[in-house]
Amino acid sequence: MQDTFLLAYACLLLLLPQATAFYLYTPKAWGDFATQRRPAKGSRSIPASSISTPERAINLPLRRHRVARRPLRLRDSAYDITSAPRPTQTNSVGIDQDGTDYTYMASMQFGTSQTEYHMLLDTAASNTWVMSSDCKSDVCGFHNTLGKDSSSTLQTTDAQFSVAYGTGNVNCTVASDTVHFAGLSVDLKFGLATGISEDFASFPLDGILGLGRIDSDPHGTNAPSLMEALIHERLIDAKVIGVHLGRHATPPIDGELNLGAPNPTRYDGDLHYIDIIDNANGFWEIPIDDAGVNGQSSGLQGRSAILDTGTSFLLIPPGDASKIHNLIPGSKSIADAYTVPCDSTAAIQFTFGGKTYNVSSLDYVGRDNGNGACNSQIIPRRTFGENQWLLGDVFLKNVYTVFDWSESKVGFGVKGDADVETNGSPDPSPTATGASPTLPSTAPTSSDTDTLTSGNDQQNTASSASQGAAPSNKARSGSGMLALGVAMGGLIAAM
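With the sequence shown counted from 1, adding 52 to any position gets you our numbering.
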């Protein structure tokens, strides 16, 4: 009887849509901004070279191919997209964005299609899919779609899979074609999205490019991922990618994805590697030594970080998010979110493998709510286990990140372009007995073996708000466009 029940339960799970990347979530305190981000028809891409000083803030059987870099093709999306310049390193592609630092994408072409498809870079999932010309959802009318009318070499099948995205889902049929990406071409199986939730109308992506650790997802295409296909065909030297994300508030917006080897011009000194924590979901997950603000420890050891280029913000379980915000002068809790002073210059700090990295206030200070208060882009939301944090682009913009499949590790490089805001001395408030020396909070920097000192409670933090740094007039990432509280990439609610 029990065996029969377990078999029936297993069969039911196979019929359910898989819950993976692009978890759609908006804090109630932020209001309903999703529909306000939807485009008007006729918008076109914006080359990075045209960007001036930004306003406030607001990438089957296999056949081997190596081709010359294909010329730029038609972009017919209804969204304004800021295009990154072409990288100088081979086997690389520019990382475009939506002008708000919320959606990071790279252009991909399929088969004989002359269209460039904007693919969200998702290091928390391995499936790749693109919107189908057979899609009946209204949302597909805002996006570039793929079908046999656009690529004569496209092959379709009757196999299907679904992916759950928090409030919505995507239904796909399995297809195959030659994909052209970063100057390389390889045959790939991927999903053609024939049904998609209305939530996707708020984002410029035409599909998702899976860069997760799993070589083949049995619940999706059940075929080699892009990285597995490239390494199988020996088109890249190593199963490694390097990621540099640009920030809209500090041009140039020159993000790039490097395949097969890191780009040493994107960081100073050496890369610092951390072994990943093995997990069944194929996430790039690493242990967190400590976290804090301006050298003060939050006392939150024993946590882990899932690193995801497809997630816009930092999503942290509510209790942990409270302890982080307690250390930010002037922060306030509002319903299911927080605000921080719009002129905050406090550095959020994460320590991995004995090195501490700063998160600029340009990245965690969001939309202006009036009266000097801005949305905090550190979201109190449990997405997985009680000790697992989702660190998305708010963190990743501050480092050059290397994802290494072969060695099962992640590397961080300190950016040499001074695009991480400099903050003053650590908060001089009393530390706990026996605490380690405070970290310097000047960025960009990382420190060997130093740890954060223990911080104050909320009352002490609030009372010290007036002692913070002088107001900053720098533009804030994501604080001018109406913000949608969306975490994109690998967000599964704990089941």
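C-beta atoms are modelled at their ideal positions from N, C-alpha and C, and glycine is treated no differently.
Length of the line joining the Cα atoms of residue i and residue j
i: Cys412; j: Asn423; result: The residue asked about is misnamed: residue 412 is Ser in this sequence, not Cys. C-alpha separation (whole angstroms): 22 Å.
i: Thr363; j: Thr209; result: 31 Å
i: Asn333; j: Thr273; result: 15 Å
i: Asp500; j: Ser203; result: The predicted model places Asp500 with a pLDDT of 48, which falls under 50 and marks its position as unreliable; any figure quoted below should be read in that light. Going by the C-alpha atoms only, they are around 52 Å apart.
i: Ile158; j: Phe233; result: Inspection of the sequence shows that residue 158 is occupied by Ala rather than by Ile. When rounded, the distance between both Cα atoms is 9 Å.
i: Pro316; j: Pro339; result: 25 Å
i: Phe213; j: Gly307; result: 32 Å
i: Leu172; j: Gly83; result: 25 Å
i: Gln348; j: His300; result: 29 Å
i: Glu285; j: Ser277; result: 12 Å
i: Ala81; j: Thr152; result: 20 Å
i: Gly163; j: Lys200; result: 10 Å
i: Ile368; j: Arg434; result: 6 Å
i: Asn143; j: Leu287; result: 9 Å
i: Asp557; j: Lys467; result: There is no way to answer for residue 557, as the model of the chain reaches only from 53 to 547.
i: Pro270; j: Gln207; result: 20 Å
i: Cys426; j: Ala399; result: 16 Å
i: Asp132; j: Ser268; result: 33 Å
i: Arg528; j: Leu414; result: Confidence in Arg528 is poor, its pLDDT being 48 and thus under 50, which makes the residue's placement too unreliable to answer from.
i: Ile103; j: Gln440; result: The pLDDT assigned to Ile103 is 38, lower than 50, so where the model puts this residue is not dependable; a value taken from the coordinates is nonetheless given after this. Between Ile103 and Gln440, the C-alpha separation is close to 37 Å.
i: Val238; j: Thr155; result: 25 Å
i: Tyr390; j: Ser383; result: 7 Å
i: Asp186; j: Ile380; result: 49 Å
i: Val392; j: Lys375; result: 14 Å
i: Arg115; j: Asp289; result: For Arg115, the pLDDT reaches just 36, beneath the cut-off of 50, and the residue's location in the model is therefore unreliable, although a value from the coordinates is still provided. The alpha-carbon atoms of Arg115 and Asp289 are separated by roughly 17 Å.
i: Phe447; j: Ala313; result: 22 Å
i: Asp229; j: Pro370; result: 44 Å
Under the three-state DSSP convention, the category residue i falls into
i: Leu448; result: helix
i: Pro316; result: helix
i: Ser144; result: strand
i: Pro276; result: strand
i: Asp210; result: strand
i: Tyr390; result: strand
i: Tyr6; result: No information on residue 6 is available, as it lies outside the stretch 53 to 547 that the chain covers here.
i: Phe335; result: coil
i: His377; result: helix
i: Ile288; result: coil
i: Cys192; result: helix
i: Leu536; result: Because the pLDDT at Leu536 is just 35, under 50, the model does not fix this residue reliably, and the point stays unresolved.
i: Phe252; result: helix
i: Ile260; result: strand
i: Ile328; result: coil
i: Ala281; result: helix
i: Lys80; result: helix
i: Asp372; result: helix
i: Thr152; result: coil
i: Thr246; result: strand
i: Ala227; result: strand
i: Cys187; result: coil
i: Leu442; result: strand
Exposure of residue i, with buried meaning 16 or more beta-carbon neighbours within 10 Å
i: Arg265; result: buried
i: Ala373; result: buried
i: Gly243; result: buried
i: Gln429; result: buried
i: Lys241; result: buried
i: Arg138; result: exposed
i: Thr175; result: buried
i: Ser460; result: exposed
i: Pro478; result: With a pLDDT of 32 at Pro478, under the threshold of 50, the modelled position of that residue is not reliable, and no figure is offered here.
i: Gly146; result: buried
Cross-strand partners of residue i (DSSP beta bridge)
i: Asp306; result: Answer is none; Asp306 lacks a bridge partner.
i: Asn221; result: Ala216
i: Lys200; result: Lys200 pairs with nothing; no bridge assigned.
i: Asp456; result: Val292 and Lys461
i: Arg355; result: Ile340
i: His232; result: Gln161 and Ser237
Proximity below 7 Å, CB of residue i to CB of residue j
i: Lys407; j: His324; result: yes
i: Ser385; j: Val417; result: no
i: Gly294; j: Ile305; result: no
i: Thr246; j: Asn223; result: yes
i: Phe464; j: Val451; result: yes
i: Ile326; j: Val462; result: yes
i: Ser356; j: Glu337; result: yes
i: His195; j: Asp150; result: no
i: Val443; j: Leu309; result: Val is not the amino acid found at residue 443; the sequence shown has Leu there. Not in contact: Leu443 and Leu309 (Cβ atoms no closer than 7 Å).
i: Gly354; j: Gln401; result: no
i: Gly262; j: Ser178; result: yes
i: Asp456; j: Val292; result: yes
i: Asp320; j: Thr403; result: no
Cβ-heavy atom distance, residue i to the ligand ZN, below 6 Å
i: Gly444; result: Ligands displayed in this structure: none; no statement on the ligand ZN is therefore possible.
Within-7 Å CB hit, residue i to chain B
i: Asp153; result: Judged by its chain identifiers, the structure shown contains no chain B, having just a single protein chain.
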